[in-house]
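Participant:
Protein chains in written order, with this note's numbering: chain H, 2 to 603; chain D, 8 to 352.
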C-alpha cells in the first residue's frame, strides 16, 4: 500500500522505539524471571505465575477453529500466530518477554541491536547474531533475512501477511517508482519466484554487505521501522529450503521448537530444535519435550479439557465460553487460576462521514449521545468477556493513550437523550432520521450490539435498519467497499481493531488516515479524512523522538472523537484460564494473551 | 453365420446404466454448486476483485488483489473456470507453488483458496474418520433400531413397547449437540470412562480406535435407532396384519418363519431405502457429531470450508457427498432384489 508523502528525519529511531514503550512495569521478565506471584485472579496480568525452568512434558494447545491463516511466518496476520511463531521463528526484532507494560517494548531477537538509522532516516542497518542456526544445523546469514523479505513481495503466494515491505522500501527502479505512484507494480520487484537475478537476491532495497549485516533502504523515512521488523515476516528463510506455498507445512525453524508433523486445520506437533541455543534467543524457552496443537475442537470441549487439565492453552487467547466463564467466576479456586486482561482489541462503531445525514457532524454526535453504552457492553458479554466501556478510539495498551470521555460514555452510560436531541436540532433533523448499520451476521455479539443500537437510537427518533453480512466478505464486498456503503446508505459500521504494533501510528493509520481509504477491503470504515489527523499521523511516521511521537497519540485520538467518527464500544477483555500445572504464565500485553514462547509444565 | 453374444445379466446392465446416470448427475450437481457460489454472487453485484480480496490479509492493495485474482484463476470467464475445474477432476492440475509447479493428480478438486493446498488430499484425510463414525454407528442403529422395532410390534401395548417407544421419541427429539455434550460431560469429564475423545486410526491401535468412538457411535446411533425403531414397528404392525401372514400362519408355518421370512422381510424394504439415504448422507460428513466430538472428518472439513468461504473446498465436499448418496442409493436398489423377491421379477 502507499503511504503519504512525509518529510523529516528518523534519526535515533531505534532508541526511540525502545524508549517509546519502556514504561516500566514489572520488568525483566525475560521469559520466566522477573516478579512472580502466587496463583490468584489476574496474577498473570502483571506477574509471572509459577516461574520454573523444569523441563519435560507435553504442552497441549487447542483451538475451536482451524488455523486462522498460515504457519508460514511470512504469511500470517493474527496475534495468536505472531505469538506462536516465536516458538519456531526469530524475526529481527520482537517484543520483550515480560509481563505488564514491560512487554510492549520492542527488543532485538535475531538482531544484535535495534536498527541503526542513517541517510536522513532512509537507511536502517541491522546486524544479526553470529551463531544462530536453522533446525538442520545451517548457519543463519543475512541473505536468509533478505530472502524472507523478498518472499513478502509475492502477494500471490503470500497474500495473508502484512504488506509493509513493498510499501515502505525503496522502489526497485525508476519505472517502479512511477508505477507505484499510479498504484501499479510495473517494473517493481516481483518476488523471488519470478526473480531471475543471481541467487534470487534481486531486491535492490535490501542489501547484505556481509553475512551478518542487513541494510534496508526506505522510500521515505519511517520511524516505526523497528516495529515492522518485529513482525514474523523478517524471520530468516533459507532459499534452498523454501517450498513456496508449501513452506507452511514445515518452516525451517530458528526457534526452540521445530515442526514434527502438521496437518492443516487438524494437528501440529512440535519437538525441541536441537540446534537452538538459549544464549542467542533470550525471548524464548525450550521447556516442554513436545508441543501439540489441536484445531477445530468444539468450543465448550476446549474449555472442559482446559478445566480438566487435558489441554493447557486455548490457542486463540480470546477467552473461555459463557458456560465455563460462569463456572470459573463463581468458583474461587478456579477464579484464582484465571486472568482477565485487556486483549489489545477495541470493538467500536464507525460513523460514516460521507453517508447523509451523517456527513453532518451533529447527526453523528446525536448518535454518540443516544447510544446506550451499557447495553452495548452487555451485547459483547459484559465487563469480563466483553470488556470495559470505551470512550477513546485507542485502547489502553497503546503506548501514549490517555483517558478522556467526550460523550459521557462512562459517566452516563445509558445515554444522554437531552444532548442527543440538541444535536439533532443542530443537525437539522429534530425528529430523527434513518440510516443503516452493518455488522457481521455470523458474530452473535455484533448482531446483539446492532439490535441494542437500534433500540437505543429509537429513543430519539433515529431509525436503524440492520444489514448483516458474513465475516469472510464483510470488508471485501460490503462494509469495506465505500461505493456499496454509499449506495445503500449504511451510516454505521460495527468493527474491531488491534494495531499491528502498539503505538499511535500502528493503531490509527489504517482506521483513521484519509490515505488509507481504499475502494475494496477498506478499513477506514468511517472514511475519516481529517487534515489534522492525517497531518499528525504524517509527523508520527517521521519523528524520531519517542516522547514527541507518543504525544501525538492522544491528540489524534481526541481529534477522531471530536469528529464523532468513532463510537467506542469496549476495550476488549478475555477471561483466560491457566491450569495449575502450567509454568511461566503471564499475559504478553501486545498479544493480549499468554506468552507462548516461554511456557513450561510442572 | 456368427453366434450371437449372450445378453448381459440384467443386474449388470442395471448397474452400468445407473453408473452412467451417476456421472451425469454429478456433473449437474457440480454445475449447480458452481453456479451457486460463483455465478449467483456475481448476479448480486460481487466483483472478482471483491471475491479475491476475501483471501488476502487486512488492508489489501490493488496490486495484491490483482495478484491473488491471477493466482486463483478468478480473472478468467466463469465457463473457463468451470471447465478448468472439470478438467482437474479428470486430468489433474498443475499449480504454481512458487518454487515449483506442483501437480495435483486426478481427481484433483482444485486448490484451496485459503490454504493454497490441493483439496482432494485434505478431504481424503478426513474420510477414515467419517467412515469409522458412520459405519460403526450404522451397525448399532440398524441392529438396535430394527430389533427394538420388531419386538415392540410383536409385543404391542406392553410395558416394553411403551418404554422403548418413549425412549425412541426422546431419541428422535433430542439433537446430537445436546446428547453429545451431555455424554461428554458425564462419561468424559465427570466419570472419565472415555477421557479426551480423539480419533485414533484403526491401523494404529484398533482398541483405542474403538474406545474413542464409542461415545460418538452411541450418540449418533441413538438418534437414528430411535427413528428406525419407530419405522420398523410401524412397518411390522402393518405387515403382520396382511392377509398373506394370516395365510402363512394358517398353513402351519412356525411363528419364527412367519415373522422373519414373511413379516420382517417385507417390512424391511422401506428401511433399506432410508438406510441407503442415511448412510450416504453421513458419509458426506456427520457434521453435528463431528463438531460435537471434535472429530476431524468430512463434516468438520465442510464447516471449516464454509466459514472460510473456501469455494473449491465447498465444491469438492459437495460433490463427494453427492457421490456417496448416489452410490448408496445404487447399492440400495441392488439390495432390493435381495430383500424383496418381487423386484427380481
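Positions of the beta carbon are idealized from the N, C-alpha and C atoms, including for glycine. Quick caveat, the model's predicted, so the values are computed rather than measured.
#1: Is it the case that the Cβ atoms of residue 110 of chain H and residue 95 of chain H are separated by a distance below 8 Å?
#2: Considering just the uninterrupted stretch of the beta strand (DSSP E) at residue 265 of chain D, what are its terminal residues?
#3: Determine whether the Cβ of residue 298 of chain D lies closer than 8 Å to any Cβ atom of chain H.
#4: So who's on the other strand from residue 469 of chain H, going by DSSP bridges?
#5: What whole-angstrom Cβ distance do residue 72 of chain D and residue 521 of chain H have, given they're in contact under 8 Å?
#6: Is it the case that the segment 565-575 of chain H contacts the segment 369-389 of chain H, given that we only count it when at least three CB pairs across the two stretches are under 8 Å?
#7: Hey, out of H:543, H:415, H:252, whose CA is closest to residue 73 of chain H's CA?
#8: DSSP on residue 33 of chain H, reduced to helix/strand/coil?
#9: Listed from N- to C-terminal order along the chain, which residues in the segment 63-77 of chain D have their beta-carbon within a distance smaller than 7 Å of any beta-carbon of chain H?
#10: Take the Cβ of residue 34 of chain D as the centre, count every other Cβ of all protein chains shown within 10 Å, and call the residue buried at 16 or more, exposed below.
#11: When we look at the beta-carbon of residue 250 of chain D and count the other beta-carbons within 10 Å, is it buried (16 or more) or exposed?
#12: By DSSP, does residue 340 of chain H sit in helix, in strand, or in coil?
#13: Do the CB positions of residue 182 of chain D and residue 238 of chain D come within less than 8 Å of each other?
#14: In chain D, which residues lie with their C-beta within 8 Å of the C-beta of residue 145 of chain H?
#15: For a quick check, are the C-beta atoms of residue 225 of chain H and residue 542 of chain H less than 8 Å apart?
#16: Going by beta carbon distance, what residues of the same chain come within less than 6 Å of residue 181 of chain H, once the five residues before and after it are set aside?
#17: Span of the beta strand (DSSP E) holding residue 127 of chain D?
#18: For residue 411 of chain H, which of helix, strand or coil comes out of DSSP?
#19: Establish whether the CB of residue 577 of chain H and some CB of chain D are separated by less than 8 Å.
#20: Should residue 58 of chain H and residue 254 of chain H be called a contact, given that it needs their Cβ atoms to be closer than 8 Å?
#21: My parser needs the beta strand (DSSP E) runs of 3 or more residues fully inside the segment 365-393 of chain H; what are they?
#22: Residues of chain H with a CB under 7 Å from the CB of residue 106 of chain D: which are they?
#23: Which runs of the alpha helix (DSSP H) fall wholly inside the segment 210-251 of chain H and span at least 4 residues, in chain order?
#24: Quick check on residue 412 of chain H: buried or exposed, where buried means 16 or more other Cβ atoms within 10 Å of its Cβ?
#25: Would you kindly report the start and end of the unbroken beta strand (DSSP E) that includes residue 60 of chain H?
#26: Near residue 279 of chain D, what residues of its chain come up, given a Cβ to Cβ distance below 6 Å and the 5 sequence neighbours on each side ignored?
#27: Suppose the cutoff is 7 Å on Cβ atoms and the five residues either side in sequence are ignored; what does the same chain contact list for residue 26 of chain D look like?
#28: Can you pull the chain H neighbours of residue 303 of chain D, defined as C-beta to C-beta under 7 Å?
#29: Closer than 9 Å, Cβ to any Cβ of chain H: which residues of the segment 191-207 of chain D, in chain order?
#30: Rounded to the nearest angstrom, what separates residue 229 of chain H and residue 165 of chain H at their Cα positions?
#31: Give the C-beta separation of residue 140 of chain H and residue 313 of chain H to the nearest angstrom, bearing in mind that I take them to be a contact with Cβ-Cβ under 8 Å.
#32: Contact check, residue 523 of chain H vs residue 514 of chain H under 8 Å by CB: the rounded distance?
#33: Around the Cβ of residue 292 of chain H, are there at least 16 other Cβ atoms within 10 angstroms (buried) or fewer (exposed)?
#34: So does residue 168 of chain D have its beta carbon nearer than 7 Å to some heavy atom of the ligand ADP?
#35: Report the residue ranges of all alpha helix (DSSP H) runs contained in full by the segment 522-583 of chain H; include only those spanning at least 4 residues, in chain order.
#36: 8 Å is my cut-off, CB to CB: does residue 129 of chain D come that close to chain H?
Facilitator: Checking against the coordinates, here is how it stands:
#1: Yes, Cβ-Cβ distance for residue 110 of chain H and residue 95 of chain H is below 8 Å.
#2: Run containing residue 265 of chain D: none; DSSP gives neither H nor E here.
#3: yes
#4: H:440
#5: 6 Å
#6: yes
#7: Of the candidates H:543, H:415, H:252, the one whose C-alpha sits nearest the C-alpha of residue 73 of chain H is H:252.
#8: Bear in mind that a pLDDT of 40 at residue 33 of chain H, under 50, signals an unreliable position, so the number given afterwards is only what the model happens to contain. The answer is coil: DSSP assigns residue 33 of chain H none of H, G, I, E or B.
#9: 63, 64, 65, 66, 67, 68, 69, 70, 71, 72, 74, 75, 77
#10: exposed
#11: exposed
#12: Three-state result, residue 340 of chain H: strand.
#13: Cβ atoms of residue 182 of chain D and residue 238 of chain D: not closer than 8 Å.
#14: Under the 8 Å cutoff, chain D gives no residues; its nearest Cβ is about 15 Å from residue 145 of chain H.
#15: Yes, these two residues count as a Cβ contact at 8 Å.
#16: 172
#17: Element bounds for residue 127 of chain D: not the beta strand (DSSP E) but the alpha helix (DSSP H), 126-161.
#18: It is coil, neither helix nor strand.
#19: no
#20: no
#21: For the segment 365-393 of chain H, whole beta strand (DSSP E) runs of length 3 or above, ordered along the chain, are 388-390.
#22: From the beta-carbon of residue 106 of chain D, the residues of chain H found nearer than 7 Å are 194, 243, 244, 245.
#23: 226-229
#24: exposed
#25: Element bounds for residue 60 of chain H: 59-63.
#26: 339, 342, 346
#27: Listed in chain order, the non-local C-beta contacts of residue 26 of chain D below 7 Å within the same chain number zero, local neighbours out to five positions each way being set aside.
#28: 267, 297
#29: For the segment 191-207 of chain D, the set of residues with a beta-carbon nearer than 9 Å to any beta-carbon of chain H comprises 191, 192, 195, 196, 199, 202, 203, 204, 205, in chain order.
#30: 7 Å
#31: With a Cβ gap of about 34 Å, residue 140 of chain H and residue 313 of chain H do not count as contacting.
#32: Not quite, the Cβ-Cβ distance comes to about 12 Å (not below 8 Å), so this is no contact.
#33: buried
#34: For the ligand ADP, the structure offers nothing, since it holds no ligand at all.
#35: 532-543, 547-563
#36: yes
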